[in-house]
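Below is one structure; the comments refer to it alone.
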Amino acid sequence: HVHPSTAYSTGAWLRDVMKLIDNGAFLERPVIFVGGTGLYFRALAEGISEMPDIPQSIRDRWRYELQEQGAAKLHRILLREDSATGMMLKPTDGQRIVRALEVLDASGRSILEWQAARGRPLIDRASTRFFVIEPDRAELVERIEARFDRMLEKGALDEVRRLTDLGLDPDLPAMKAIGVRELQAAMAGELSFPEAIERAKIATRQYAKRQTTWFRHQLGPEWMRLRPGDRVESTISDPLSSAT
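The numbering of the sequence shown is the numbering used here, which starts it at 306 and goes up by one.
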């Protein structure tokens with residue numbers, strides 16, 4: 306629901322949810338949030354640190370500096386201007402270094418100060434049920450491969466071609482979506498299409514593994530673990546019986 310040139314974030318997603326709440330979209334009806342991005346769910350239930358709006362001119366400046374000078378040089382600048390943040394980041398982590406410099410440049414405050422101030426949660430945990438569906442690993446791999454094949458059948462290659470024609474910053478989230486760079490490499494003749502497809506499937510499996518690990522270690526005990534086909538009617542029917 307946003308243009309590929311938009312650097313969409315967890316904070317932007319929460320603001321979109323808040324608009325729906327303010328407009329009464331959720332009144333007197335059960336609401337189901339579905340997805341695979343754990344940070345979004347944590348922010349929904351626990352709140353998230355507000356970040357300042359970054360003018361596009363500041364974004365462009367620091368991205369240009371990253372391309373021209375490299376991450377290590379910007380890391381030295383960050384250490385000088387915001388040593389606490391600089392010491393927490395690797396000199397090779399260009400994306401996070403640029404983010405910290407953007408926030409400092411736009412607000413005059415360290416990104417650590419912004420992160421320390423957490424906003425309010427948007428849902429009532431006591432009346433909410435939380436579920437994680439954990440399919441068998443072999444079944445998950447099979448679904449991942451079938452999903453990417455369906456994406457190709459439905460025009461993923463044309464979509465990547467149109468995205469490439471926009472000439473967007475390669476660091477934008479849309480340009481980093483799994484499959485985009487692999488298919489771009491195939492269209493440029495750097496990979497065969499079978500190689501690109503296999504690399505995209507491998508990257509998706511690796512991402513799914515990271516998600517599984519994140520859900521296992523980062524979410525609280527109120528999250529129920531389910532297998533595909535598990536029946537949860539009795540659990541959902543009484544949402545106030547416990548904190549889950």
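The C-beta atom is built at its ideal place from N, Cα and C for all residues, glycine as well.
Quick caveat, the model's predicted, so the values are computed rather than measured.
Discussion item. Can you check which of these residues, Arg347, Gly316 and Val307, is closest to His522 by C-alpha distance?
Written reply: Arg347
Discussion item. For Phe453 and Ile402, which I take to be in contact (beta-carbon distance under 8 Å), what is that distance rounded to the nearest angstrom?
Written reply: At roughly 32 Å, the Cβ-Cβ gap does not stay under 8 Å, so Phe453 and Ile402 are not in contact.
Worksheet entry | Secondary structure of Val437, DSSP reduced to three states | strand
Worksheet item: Hey, Ser314 and Gly424 are a contact pair by Cβ (cut 8 Å); roughly how many whole angstroms apart?
Response: Incorrect: roughly 13 Å between the Cβ atoms, too far for contact.
Practice prompt. Helix, strand or coil for Leu531, going by three-state DSSP, please let me know.
Written response: strand
Practice prompt. Consult DSSP for Ala317 and reduce its assignment to one of helix, strand or coil.
Written response: helix
Worksheet item: Under three-state DSSP, which class holds Ser354?
Response: strand
Discussion item. Residues in the same chain with beta-carbon distance under 8 Å from Pro309, minus the five sequence neighbours each way, listed in chain order, please.
Written reply: Leu468, Leu471, Leu473, Leu477, Ala479 and Met480
Discussion item. According to DSSP, Arg423 sits in a beta bridge with which residue or residues?
Written reply: Ser354
Worksheet item: How about Phe435 and Trp528: do their beta carbons lie closer than 7 Å?
Response: yes
Worksheet entry | For Ile502, the first and last residue of its enclosing alpha helix (DSSP H) | Phe498 to Gln523
Discussion item. Taking 7 Å as the threshold (C-beta atoms), are Leu531 and Ile438 in contact?
Written reply: yes
Discussion item. Do Thr390 and Ser415 count as a contact pair if the criterion is CB distance below 7 Å?
Written reply: yes
Item to complete: Round the Cβ separation of Pro357 and Trp419 to the nearest angstrom and send it over; I've been treating them as touching at under 8 Å.
Response: 7 Å
Item to complete: Quick one: using the 10 Å Cβ neighbour count with 16 as the cut-off for buried, is Leu344 buried or exposed?
Response: exposed
Worksheet item: Any idea if Gly399 is buried or exposed, counting beta-carbon neighbours within 10 angstroms, 16 or more meaning buried?
Response: buried
Worksheet item: Got a sec? Which residues, its chain only, sit under 6 Å from Ala421 by beta carbon, not counting five neighbours each side?
Response: none
Discussion item. DSSP three-state label for Pro478, please.
Written reply: helix
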